[in-house]
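Novice: Here you go, one structure.
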Amino acid sequence: MTAPDESFPDLEWRDAPAPRAEVSAAIKQTCTKELDKARGLGAWQRAMLSVLASGVVVAALLAMGLAQDDHDGALRTAMFGAAGWGIVHLAVLVVGLVRPPGKRGSRELRWALALGLPLAFFAYLTLSASSTLPFDRFVREDTHAPVCGLFTLLFGAAAAGSTLLVWRRTDPLTPGLSGALAGLCGGLAGAAGIGMACPTHEAWHLWLAHGTTVLVFVAAGWAVGRKWLAP
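Number 289 in this note's numbering belongs to position 2 of the sequence shown; there are no gaps in the numbering.
Written out as structure tokens, the structure is:
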């Protein structure tokens, strides 16, 4: 046995033999096979596709609005409102989705956006309203509200679904929260856009047929995002 104070001699380590050229080529081919095809879109590419999807929805609703007579200037007001909420839409994408997971805004900030912006949208609708019918009269007389709400849901679903699909499998940390923000973007596109296709100043109509869908898409985006946005 070696004495406790006896040191081991330094041994010379041999360099590992380099693999043959054909072996290196085979390894490289296996590791990089179809790598470019499997590589996903970049964050800004996804953001541009999300904006494009929402833009198509808003453009379609604007075309519907332009086909109607705008006697009281409601369409013009709705167009300015849609432009403002378009800026909010971009901000949500940048803060909530574009930056890599772990480097995005804090969870508290992103939840504040997901829950606070629908409330801000309701406040915007309230300020846009110039009349409020008694609720029972609104139910009896405003037969167009259910149709308007259905259109808001359909167009919002197109924008929200496209956004969720574009950002699929991109968030291993907070997929539900990112899904809620994607749903928020789609919901805002549909709700702000429907204001141009259905320009009105009646409060109940604005709240129920336009505004509630934003909350619906935030909740739906959270549920769908937990499955779609997780890797």
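Note that beta-carbon positions come from the ideal geometry of N, C-alpha and C, so glycine has one too.
Quick one: using the 10 Å Cβ neighbour count with 16 as the cut-off for buried, is Val503 buried or exposed?
Specialist: The residue in question, Val503, is buried, as its Cβ has 16 or more Cβ neighbours within 10 Å.
Novice: Are the C-beta of Ala334 and some C-beta of chain C separated by less than 9 Å?
Specialist: Of the chains in the structure shown, none is chain C; there is only one protein chain.
Novice: So for Ser519, helix, strand or coil by DSSP?
Specialist: Because the chain here runs from 288 to 518, residue 519 falls outside it and cannot be looked at.
Novice: Taking only the alpha-carbon atoms, compute the straight-line gap between Ala395 and Ala350 and give it to the nearest angstrom.
Specialist: Note on identity: in this sequence residue 395 is Glu, with Ala being the wrong assignment. For Glu395 and Ala350, the distance between alpha carbons rounds to 38 Å.
Novice: Name the DSSP bridge partner or partners of Glu489?
Specialist: Bridge partners of Glu489: Ser418.
Novice: Between Ala334, Ser449, Arg456, which has its C-alpha nearest Ala378's C-alpha?
Specialist: When only C-alpha atoms are compared, the closest one is Ala334.
Novice: Using the three-state DSSP reduction, which class does Ala236 fall into: helix, strand or coil?
Specialist: Residue 236 lies beyond the range of the chain shown here (288 to 518); nothing can be said about it.
Novice: Going by beta-carbon coordinates alone, are Gly480 and Ala401 separated by less than 9 Å?
Specialist: No. Outside cutoff.
Novice: Which class does Leu441 belong to by DSSP, given the choice of helix, strand or coil?
Specialist: Leu441 falls in the helix class under three-state DSSP.
Novice: What span of residues does the alpha helix (DSSP H) with Thr364 cover, start to end?
Specialist: Segment 361-380, the alpha helix (DSSP H) holding Thr364.
Novice: Can you find at least 3 beta carbon pairs, one from the segment 422-435 and one from the segment 459-470, that sit closer than 8 Å?
Specialist: Short answer: they don't touch.
Novice: Can you round the beta-carbon distance between Leu380 and Arg455 to whole angstroms, since I take them to be within the 8 Å contact cut?
Specialist: Going by Cβ atoms, the distance from Leu380 to Arg455 rounds to 15 Å, so no, they are not a contact pair.
Novice: Nearest by alpha-carbon distance to Ala506: which of Ala330, Gly474, Pro306 is it?
Specialist: The shortest C-alpha separation from Ala506 is found at Gly474.
Novice: Let me check understanding here. Comparing Cα to Cα, which of His431, Val310, Ala447, Leu384 lies closest to Gly329?
Specialist: It is Leu384.
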